[in-house]
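For the record, the sequence lines run as chains A and B. With our numbering as the guide, the letters of the first sequence map in order to residues 1 to 292. With our numbering as the guide, the letters of the second sequence map in order to residues 1 to 200. Backbone N, C-alpha and C fix where the C-beta goes; we use that ideal spot for every residue, glycine too. Reviewing the structure listed below.
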Amino acid sequence: MTEKLLETVAVKLLQLAVTELPQDVKDALQRAYREEENPVGKSQLKAILDNIDLAEKTCAPMCQDTGVIIFYVTAGSQIPGLDKVEAALRKATAKATKEIPLRPNAVDPFTQKNTGDNTGRHIPYIHWNIVPGDTLEITVLPKGGGSENVSALGMLSPNQGTNGLKKFVVDTVIKAGAKPCPPTIVGVAVGGGADIAMKLAKEALLKPLDQPNSDPELAKLEQQLRKAANSTGIGPMGLGGKTTVLDVKIDYAHRHPASYPVAVVVQCWAARRASARISSDGKVEYLTHRDA
Amino acid sequence: MTVYRLKTPLSEEEVRKLQVNDTVYLTGTIVTARDAAHRRALEYHKEGKQLPLNFEGLAVFHCGPIVKKEDDGWMVVAAGPTTSARMEPFEDEFIRNFKVRVVVGKGGMGKKTVDAMKRYGAVYGAFTGGAAVLAAKAIKNVKGVDWSDLGMPEAMWILQVEDFGPLTVAIDAHGNNLYETIQIKADTLKPEIYRKLGIQ
Numbered sequence: 001m002t003e004k005l006l007e008t009v010a011v012k013l014l015q016l017a018v019t020e021l022p023q024d025v026k027d028a029l030q031r032a033y034r035e036e037e038n039p040v041g042k043s044q045l046k047a048i049l050d051n052i053d054l055a056e057k058t059c060a061p062m063c064q065d066t067g068v069i070i071f072y073v074t075a076g077s078q079i080p081g082l083d084k085v086e087a088a089l090r091k092a093t094a095k096a097t098k099e100i101p102l103r104p105n106a107v108d109p110f111t112q113k114n115t116g117d118n119t120g121r122h123i124p125y126i127h128w129n130i131v132p133g134d135t136l137e138i139t140v141l142p143k144g145g146g147s148e149n150v151s152a153l154g155m156l157s158p159n160q161g162t163n164g165l166k167k168f169v170v171d172t173v174i175k176a177g178a179k180p181c182p183p184t185i186v187g188v189a190v191g192g193g194a195d196i197a198m199k200l201a202k203e204a205l206l207k208p209l210d211q212p213n214s215d216p217e218l219a220k221l222e223q224q225l226r227k228a229a230n231s232t233g234i235g236p237m238g239l240g241g242k243t244t245v246l247d248v249k250i251d252y253a254h255r256h257p258a259s260y261p262v263a264v265v266v267q268c269w270a271a272r273r274a275s276a277r278i279s280s281d282g283k284v285e286y287l288t289h290r291d292a
Numbered sequence: 001m002t003v004y005r006l007k008t009p010l011s012e013e014e015v016r017k018l019q020v021n022d023t024v025y026l027t028g029t030i031v032t033a034r035d036a037a038h039r040r041a042l043e044y045h046k047e048g049k050q051l052p053l054n055f056e057g058l059a060v061f062h063c064g065p066i067v068k069k070e071d072d073g074w075m076v077v078a079a080g081p082t083t084s085a086r087m088e089p090f091e092d093e094f095i096r097n098f099k100v101r102v103v104v105g106k107g108g109m110g111k112k113t114v115d116a117m118k119r120y121g122a123v124y125g126a127f128t129g130g131a132a133v134l135a136a137k138a139i140k141n142v143k144g145v146d147w148s149d150l151g152m153p154e155a156m157w158i159l160q161v162e163d164f165g166p167l168t169v170a171i172d173a174h175g176n177n178l179y180e181t182i183q184i185k186a187d188t189l190k191p192e193i194y195r196k197l198g199i200q
């Protein structure tokens with residue numbers, strides 16, 4: 001697996017992610033459009049669907065905020081050259097910024113200087129997962145700022161338990177209102193610690209919308225919370241209607257006896273993600289997009 | 001819920017006709033401005049310095065576009081709205097001093113802006129967040145760019161648009177704020193939502 005191949009695949013993933021939504025997200029938005037009864041909400045969903053269609057046809061980024069670039073890498077331990085992956089992904093990010101183009105979104109928090117190519121300290125961020133085997137799976141999550149800004153962490157008391165979690169999720173969705181570009185996907189995680197819960201909540205956004213949680217109890221909780229969020233009336237773009245969230249996705253880690261951290265990370269309707277698997281012989285398979 | 005097709009420059013009378021939930025398609029000139037451009041415009045005004053253009057009757061667009069340099073000028077690739085709340089500290093002064101008639105963005109604005117819109121005659125037109133290619137399609141020409149030292153997203157892009165929309169009138173010039181109405185309703189629904197989730 002050469003650095004060049006990695007770079008080419010990563011650029012392709014970025015391009016796929018920002019120009020074309022995975023089918024499960026498109027299906028969920030189309031369903032929301034069919035079911036929406038509020039005329040303003042319906043007009044918003046129509047604009048969203050028209051925009052998705054135009055972006056695909058013209059191969060243009062569907063949203064001007066192409067986000068902060070985050071990679072999730074699941075690497076087989078037998079692959080040689082894993083030390084080259086980070087450099088290849090950084091290079092790919094800078095290249096994609098120029099070629100696609102992506103909006104330069106990496107700003108030094110002290111000098112306010114924009115690096116201009118979406119790379120900077122810890123950015124793009126790479127999450128590593130080492131597994132047995134000889135394949136490399138790369139997922140890119142371009143994460144927009146508007147939805148990120150409504151993320152919330154609640155260090156709840158363990159005696160509040162699941163009810164505390166439910167209340168925190170509903171309150172976060174209502175407080176966010178129009179800001180995260182609803183209909184959103186809400187990633188929720190409980191346990192671990194502040195950082196672990198936030199990490200898991202964001203990673204939950206990568207789960208396909210057409211696959212229910214493998215844990216039946218969590219699947220039930222996801223459905224309950226989806227219904228609750230959709231009874232707020234906030235609706236598409238916060239202009240009123242019955243689809244405020246497309247889905248709620250829940251994950252968890254075991255917790256400290258004294259802690260009950262609940263993390264909520266919100267993804268806008270432009271729930272962009274793309275994945276590919278590279279085999280040791282250099283064969284590339286795109287997992288989220290057809291005909292890539 | 002009336003649909004209007006309007007041309008800039010807009011008069012105060014024209015925008016006072018608009019009501020919350022109406023739909024507007026704009027043709028004419030809109031100018032992008034985010035936090036930094038708002039701040040600088042107000043500083044210039046305070047210091048008596050000339051602005052790059054006269055905003056009277058135009059629309060200001062909360063947007064940091066992706067723009068591509070081409071041989072014969074600029075091409076807007078993607079230009080959806082950004083979160084308007086960030087411009088809340090500046091917008092009332094901006095409306096008062098420069099007489100913009102339409103503020104285009106997403107997510108709505110606060111009381112100071114709502115009051116200024118009522119007082120001076122302006123509306124807030126919500127453009128579907130993220131619908132950046134739809135917006136770019138309605139942008140026919142980049143008439144100019146100023147303050148490019150602020151960076152591509154923050155610069156002031158002067159855009160010629162045709163049937164730019166749909167814009168939902170979410171704050172009108174009569175003090176009505178659709179976002180606030182929806183937020184208040186959601187807050188009053190909270191106890192019922194908690195109850196259905198089995199929370200006291």
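* **For L14 (chain A) and L29 (chain A), the rounded distance between their alpha carbons** => 22 Å
* **L268 (chain A), buried or exposed, once every other Cβ within 10 Å from all chains shown has been counted against 16** => The sequence given here has Cys at residue 268 (chain A), not Leu. Counting Cβ neighbours within 10 Å, C268 (chain A) comes out buried, since at least 16 surround it.
* Following the continuous beta strand (DSSP E) through T111 (chain A), name the residue where it begins and the one where it ends. => No beta strand (DSSP E) holds T111 (chain A); DSSP gives it neither H nor E.
* So D35 (chain B) is in the beta strand (DSSP E); what residue range does that whole segment cover? -> No beta strand (DSSP E) contains D35 (chain B), which is instead part of the alpha helix (DSSP H) from 35-47.
* To do: Check each candidate in B:A170, B:Q200, B:C63 and name the one with the smallest Cα separation from A155 (chain B).
  => B:C63
* Asked: Can you list, in chain order, the residues of its chain whose CB lies under 6 Å from that of A294 (chain A), leaving out five sequence neighbours each side?
  -> With chain A represented from 1 up to 292, any question about residue 294 (chain A) goes unanswered, as that position is not in the structure.
* What residues of chain A sit near D187 (chain B), judged by a beta carbon separation below 7 Å? -> I174
* Asked: chain A beta carbons: is any one of them nearer than 8 Å to that of Y4 (chain B)?
  -> no
* Residue-level contact to chain A via CB, T29 (chain B), 8 Å cutoff -> no
* Three or more beta-carbon pairs under 8 Å between the segment 52-60 of chain B and the segment 92-110 of chain B, yes or no? -> yes
* Please decide whether S151 (chain A) counts as near chain B, where near means a Cβ-Cβ distance under 8 Å. => no
* **Nearest-angstrom beta carbon gap, A126 (chain B) and V20 (chain B) [assumed within contact, 8 Å]** => So it is not a contact: roughly 10 Å between Cβ atoms.
* **Contacts around E93 (chain B), its chain only, beta-carbon distance under 6 Å, and the 5 residues preceding and following it disregarded** => L42
* Fully enclosed by the segment 61-147 of chain A, which alpha helix (DSSP H) runs are 4 residues long or longer? -> 85-99
* Which residues mark the beginning and the end of the beta strand (DSSP E) in which D251 (chain A) is found? -> 245-252
* To do: From the DSSP output, read off the bridge partner residues of G187 (chain A).
  => A:K249, A:V265
* Asked: Is it right to say R290 (chain A) is buried, meaning 16 or more other beta carbons lie within 10 angstroms of its own, or is it exposed?
  -> exposed
* To do: Tell me where the beta strand (DSSP E) around N141 (chain B) begins and ends.
  => 139-146
* Find the residues of chain B that neighbour V40 (chain A), judging by a C-beta separation of less than 7 Å, and give them in chain order. => N21, T168
* **Residue-chain proximity (G233 (chain A), chain B), Cβ-Cβ < 8 Å** => yes
* **DSSP state of A20 (chain B) mapped onto helix, strand, coil** => Residue 20 (chain B) is actually Val in this sequence, not Ala. V20 (chain B): coil per DSSP, three-state reduction.
* Around the Cβ of I106 (chain B), are there at least 16 other Cβ atoms within 10 angstroms (buried) or fewer (exposed)? -> Residue identity differs from the one stated: residue 106 (chain B) is Lys in this sequence, not Ile. Classification of K106 (chain B): buried, given that the 10 Å Cβ count is 16 or more.
* Kindly list, in the order they appear in chain B, the residues whose Cβ is closer than 7 Å to that of Q224 (chain A). => L197
* Could you give the residue range of the alpha helix (DSSP H) that holds R34 (chain A)? -> 23-35
* Residues sharing a beta bridge with M156 (chain B), DSSP -> B:D146
* Along chain A, in chain order, which residues have C-beta atoms closer than 7 Å to that of Q160 (chain B)? -> Near Q160 (chain B) there are no residues of chain A at all, since even the closest Cβ is about 18 Å away, more than 7 Å.
* Say whether chain A places a C-beta atom closer than 8 Å to the C-beta of T128 (chain B). => yes
* To do: Examine chain B for any beta-carbon lying closer than 8 Å to the beta-carbon of M198 (chain A), and answer yes or no.
  => no
* Asked: Counting only beta-carbon atoms, is A37 (chain B) nearer than 8 Å to chain A?
  -> no
* Below 7 Å between beta carbons is the criterion; list the residues of the segment 95-110 of chain B that meet it against any residue of chain A, in chain order. => K106, G107, G108
* Asked: Mind pulling the chain B residues with CB within less than 9 Å of I138 (chain A)?
  -> Per Cβ cutoff of 9 Å: no residues; I138 (chain A) is ~24 Å from chain B at best.
* Can you find a C-beta in chain B that's less than 8 Å from the C-beta of L239 (chain A)? -> yes
* **Cα-Cα separation between N54 (chain B) and E86 (chain A), rounded to whole angstroms** => 48 Å
* the segment 101-111 of chain A / the segment 233-240 of chain A touching (three or more Cβ pairs under 8 Å) -> no
* Could you tell me how far apart the beta carbons of A229 (chain A) and V173 (chain A) are, in whole angstroms, since I believe they sit closer than 8 Å? => 5 Å
* To do: Tell me, please, whether the segment 132-144 of chain B touches the segment 126-144 of chain A by the rule of three or more beta-carbon pairs shorter than 8 Å.
  => no
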